[in-house]
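Only one structure is covered here, and it is reproduced in the block below.
2 protein chains.
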Amino acid sequence: MSDAVDAIIGQWVKERPDVAQDLWPVQLFARVQRLARVVEKSAKAAAAAHGVEYGEFDVLTTLQRSGPPYALTAGALLKASMVTSGAITNRIDRMEAKNLVERVRDGEDRRTIKIRLTDHGHDVTRAAFTDHLANYARLLADMDRDLITKTGDGLRQLLEALGDTGIE
Amino acid sequence: MSDAVDAIIGQWVKERPDVAQDLWPVQLFARVQRLARVVEKSAKAAAAAHGVEYGEFDVLTTLQRSGPPYALTAGALLKASMVTSGAITNRIDRMEAKNLVERVRDGEDRRTIKIRLTDHGHDVTRAAFTDHLANYARLLADMDRDLITKTGDGLRQLLEALGDTGIE
DNA sequence: TGCTTTTATCTCAACGTTGAGATTATCAAG
DNA sequence: CTTGATAATCTCAACGTTGAGATAAAAGCA
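Quick mapping for you: the protein sequence lines, in order, are chains S and R.
In short: position in the first sequence from 1, add 612, done, that's my numbering.
In short: position in the second sequence from 1, add 612, done, that's my numbering.
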């Protein structure tokens with residue numbers, strides 16, 4: 613059996629035999645990259661069905677899983693999202709206009725603001741996340757559960773080694 | 613041992629116990645997504661050191677690994693790149709301005725154009741790809757080789773099941 | 001030959017992200 | 001207090017991508 617990445621590596625071995633022994637990370641990282649794109653494309657469609665961009669969906673779920681009172685600072689959302697500060701500001705602006713979240717000034721530190729899920733934001737998040745999980749399950753419908761677990765465990769060890777250990 | 617994704621799943625189990633049994637795909641897909649971002653960020657920096665955007669680097673390597681005569685149609689690059697047509701046109705425009713590639717009309721079919729690596733494009737690609745592999749190796753420096761192989765194999769099976777089997 | 005359909009590429013406005021810098025507030029030291 | 005340093009958020013122009021539509025050529029078919 614072979615996939616697109618096997619074909620790509622085969623091309624490199626032919627064209628760049630001088631680096632053939634350095635291609636071993638490619639079989640992992642190229643697959644991670646391709647799988648991420650396939651899954652993200654599917655997830656975007658699932659989010660769009662609920663009227664939100666994928667980046668907005670990310671903010672919604674981060675707030676919901678943080679638990680009561682469903683409010684985090686812009687800085688916390690920034691760290692959780694792996695994007696830059698301008699992107700977070702824009703996302704919050706758009707989501708505020710859609711009445712999904714609201715900006716609340718923090719009494720303690722007036723530099724910080726908290727982003728809080730509105731009731732409407734809660735409803736959208738619950739529905740969208742449920743659909744999101746159904747979509748995930750559909751993608752993996754025919755796969756062996758044990759393989760999924762083992763592969764996920766391997767990725768966890770990689771992420772730990774790369775320092776991706778906390779969500780703050 | 614635990615990583616950021618374990619923490620995220622822990623939050624969901626608490627906040628949405630009603631979907632706790634549907635979270636199993638998350639431990640895989642969330643890791644794929646996070647790892648892809650970490651690796652891509654690193655790869656972008658490696659490409660930038662050679663004066664090219666990551667998307668441009670993708671076009672360069674696709675052309676180089678295709679072998680002589682190092683020329684593909686815009687359509688072939690489109691399929692290989694997993695982006696939309698406008699993005700490919702823009703990338704080629706920018707790369708042509710940088711003298712990395714040149715557009716060549718195909719004698720047979722005047723609708724198609726071939727994108728061909730220039731000599732300069734060849735040089736940049738060789739150097740950038742060598743650095744790219746060194747960067748990959750650095751990221752995996754402390755990892756067990758067998759784990760990397762097994763995890764990559766798991767991802768291959770997933771990609772095959774999702775139909776990502778050819779590069780055309 | 002003419003007509004329609006299909007194929008390949010490009011156009012362009014809307015969109016989201018980047019990232020350096022600006023703004024405003026807090027903290028630490030004297 | 002006042003000054004300087006630090007911290008949190010926002011601003012904004014530049015950038016790359018999206019995706020529907022336009023353009024143009026080729027292929028299929030009467």
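Each residue gets a CB set at the ideal place from its N, CA and C atoms; glycine is no exception.
- Leaving aside the five residues that flank histidine 744 of chain S on each side, the residues in its chain whose CB is nearer than 6 Å to its CB run, in chain order, Ala658.
- Distance from leucine 751 of chain S to threonine 730 of chain S at the Cβ level is roughly 31 Å; contact not present, criterion being Cβ atoms closer than 8 Å.
- Taking 8 Å as the upper bound for CB-CB distance, threonine 742 of chain S and valine 631 of chain R are in contact here, some 6 Å apart.
- Methionine 707 of chain R counts as buried, since at least 16 other C-beta atoms from the protein chains shown sit within 10 angstroms of its C-beta.
- Taking asparagine 747 of chain R as the centre and dropping the five residues before and after it, the same chain places the C-beta of Ser654, Ala655 and Ala658 closer than 7 Å to its C-beta, in chain order.
- Under the Cβ criterion (8 Å, minimum of three pairs), the stretch 680 to 687 of chain S does not count as touching the stretch 635 to 651 of chain S.
- Inclusion of alanine 739 of chain R and histidine 662 of chain R in the CB contact set at 8 Å is warranted, their separation being smaller than that value.
- Setting aside the 5 residues that flank it on each side, serine 678 of chain R is surrounded in the same chain by Leu684, each with a C-beta closer than 6 Å to its C-beta; the list follows chain order.
- A Cβ-Cβ separation of about 6 Å places threonine 777 of chain R in contact with alanine 616 of chain S under the 8 Å criterion.
- Residue state for arginine 717 of chain S is assigned as strand, using DSSP reduced to three classes.
- By the C-beta density criterion, valine 716 of chain S is exposed, having fewer than 16 other C-beta atoms within 10 angstroms.
- Residues of chain S with a Cβ closer than 7 Å to the Cβ of aspartate 634 of chain R are, in chain order, Leu745 and Ala749.
- Here threonine 763 of chain R is near glycine 766 of chain S, since their CB atoms are less than 8 Å apart.
- Closer than 8 Å to the CB of serine 678 of chain S there is at least one CB belonging to chain R.
- Under the 10 Å beta carbon count, aspartate 670 of chain R is surrounded by 16 or more other beta carbons and is classified as buried.
- About 7 Å separates the CB atoms of leucine 675 of chain R and isoleucine 727 of chain R; that is less than 8 Å, so the two are in contact.
- For glutamate 668 of chain S, the number of other beta carbons within 10 angstroms of its own is at least 16, and it is reported as buried.
- A direct Cα-to-Cα measurement between serine 697 of chain S and arginine 757 of chain S gives close to 38 Å.
- Against chain R, the CB of alanine 616 of chain S has a partner CB under 8 Å away; the residue lies at that interface.
- Interface with chain S (8 Å Cβ-Cβ cutoff): aspartate 754 of chain R is included.
- S/Asp754 is the residue among S/Asp754, S/Thr701, S/His732 and S/Gly775 whose C-alpha sits nearest the C-alpha of proline 637 of chain R.
- When C-alpha distances from valine 736 of chain R are compared across R/Gln623, R/Gln633, R/Glu665 and R/Arg628, the shortest belongs to R/Glu665.
- Under the 8 Å criterion on CB atoms, alanine 648 of chain S is classed as interfacial with respect to chain R.
- The Cβ of arginine 643 of chain S sits closer than 8 Å to at least one Cβ of chain R.
- When DSSP assignments are scanned along the stretch 616 to 695 of chain R, the uninterrupted stretches of alpha helix (DSSP H) that are 4 or more residues long and fall wholly within it turn out to be 616 to 627, 636 to 660, 666 to 677 and 686 to 693.
- Chain-ordered, the chain S residues with CB closer than 7 Å to the CB of aspartate 776 of chain R read Asp615, Ala616, Arg646 and Val650.
- DSSP places lysine 726 of chain R in no alpha helix (DSSP H) but in the uninterrupted beta strand (DSSP E) bounded by 725 to 729.
- The C-beta of valine 671 of chain R comes no closer than 8 Å to any C-beta of chain S.
- Residue state for aspartate 758 of chain S is assigned as helix, using DSSP reduced to three classes.
- The Cβ atoms of leucine 640 of chain S and isoleucine 760 of chain R lie closer than 8 Å to each other.
- The residue from R/Glu772, R/Gln623, R/His734 and R/Ala699 with its alpha-carbon nearest to that of lysine 710 of chain R is R/His734.
- Distance from the CA atom of lysine 691 of chain R to the CA atom of glutamate 714 of chain S, rounded to whole angstroms, is 41 Å.
- Interface with chain S (8 Å Cβ-Cβ cutoff): glutamate 665 of chain R is excluded.
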